[in-house]
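Notes follow the structure.
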Amino acid sequence: MLVLTRRPGESVMVGDDVVITVLEVRGEVIRLGIRAPRSIQVHREEVYRELQAANRAAASPSDDAVRSLARMLKPPPAQS
Amino acid sequence: MTAQVEKVPTIEFVSPMPGFPEHRSFVLVRLDDDGILYALTSVSDPGLRFLVVPPPPFFPDYAPEISQETLDTLGVSAAEQVLMLLVVTAGESASASTANLLAPILIHHESRQAVQVVLNGSGLPVRAELMAA
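Taken in sequence, the protein lines are chains A and B.
Mapping the first sequence onto our numbering, position 62 (from 1) lands on 110, and the numbers just tick up by one.
Mapping the second sequence onto our numbering, position 2 (from 1) lands on 6, and the numbers just tick up by one.
The following block contains the structure:
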């Protein structure tokens, strides 16, 4: 892992168009500002991991599962 | 959130869904007569598909605020131009199926660009029972 030392207000470039700036350091909490092109999504790592796992679990359900779900949705659930 | 699902046959993810970095183009296929169950199928790999649903029939109170930053990502000026879909994980039984409320898919129904957005700070669940009622 590359290790760099930065002070508040200083930045790091990742590639040509991602800029990560240290905004504030307060005790154990560090606030970062991240500027990235819209094709690059920025997530907290634990959120990303959870979403990745959820998407993988959701991907490509079996035809049986889809059929039984479609059956269950008919008639549509109450619009309470 | 009044966009019609029927108007969005092919969509392009501005950034890919987490876990599937190689899949950007999807087609939206309606799976039932009532228009509440859809498959989002990868153009490059039809074997990859996600079940998605519009929120209202299942979660009538679900109306998360979409940040301006997210709207900018899609090149959208107002939330009304965006169609929202929830990713469903089919369970062992249909009643065990869940929907991801934390990270809905947003689709700009004119440009057909999409993004799966994380509603940070919303406290919404990744797995909410689809048939909670």
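The C-beta atom is built at its ideal place from N, Cα and C for all residues, glycine as well.
Owing to the predicted nature of the structure, the values given are computational and were not obtained by experimental measurement.
Is residue i near residue j, with beta carbons less than 8 Å apart?
i, j, result
"Gly79 of chain B", "His113 of chain B", "no"
"Ser19 of chain B", "Ile88 of chain A", "yes"
"Leu144 of chain B", "Val57 of chain B", "The requested residue 144 of chain B is not part of the displayed model; chain B covers only 5 to 137."
"Val91 of chain B", "Ala103 of chain B", "yes"
"Tyr42 of chain B", "Leu105 of chain B", "no"
"Thr45 of chain B", "Ala102 of chain A", "no"
So who's on the other strand from residue i, going by DSSP bridges?
i, result
"Met88 of chain B", "B:Leu110"
"Ser1 of chain B", "There is simply no residue 1 of chain B to check, as chain B begins at 5 and stops at 137 in what is shown."
"Ala82 of chain B", "DSSP lists no partner for Ala82 of chain B."
"Gln120 of chain B", "B:Ile109"
"Ala138 of chain B", "Nothing can be reported for residue 138 of chain B: it is not among the residues displayed for chain B, which extend from 5 to 137."
Helix or strand or just coil, what does DSSP make of residue i?
i, result
"Lys11 of chain B", "Because Lys11 of chain B carries a pLDDT of 45, less than 50, the predicted location of this residue cannot be relied on, and the following value inherits that uncertainty. Helix, per DSSP."
"Gln89 of chain A", "coil"
"Glu73 of chain B", "helix"
"Thr6 of chain B", "Its pLDDT being 48, under 50, Thr6 of chain B is placed unreliably by the model, and the measurement read from it follows with that caveat. Of the three classes helix, strand and coil, the one that applies to Thr6 of chain B here is coil, per DSSP."
"Arg83 of chain A", "strand"
"Ser99 of chain B", "helix"
When Cβ atoms are compared, which residues of the region 11–39 of chain B fall closer than 7 Å to chain A?
Across the region 11–39 of chain B, CB contacts with chain A closer than 7 Å involve Val18, Ser19, Met21, Pro22, Gly23, Phe24, Leu35, Asp36 and Asp38, in sequence order along the chain.
Closer than 7 Å, Cβ to Cβ, to anything on chain A: give me those residues from the region 78–94 of chain B, in chain order.
Those would be Val91, Val92, Thr93 and Ala94, in chain order.
Using a Cβ-Cβ cutoff of 7 Å, what residues of the region 62–86 of chain A are near chain B? List them in chain order.
The region 62–86 of chain A vs chain B, Cβ under 7 Å: Arg86.
Got a sec: which bits of the region 91–113 of chain A sit with their beta carbon under 7 Å from any beta carbon on chain B, in order along the chain?
Cβ proximity to chain B below 7 Å picks out His91, Val95, Tyr96, Glu98, Leu99, Gln100, Ala102, Asn103, Arg104, Ala105, Ala106, Ala107, Ser108, Pro109 and Ala113 from the region 91–113 of chain A.
Using Cβ-Cβ distances below 8 Å, what residues of the region 97–114 of chain B are close to chain A?
Those residues of the region 97–114 of chain B that come within reach of chain A (Cβ to Cβ, closer than 8 Å) are Ser97, Ala98, Ser99, Ser101, Asn104, Leu106 and Ala107.
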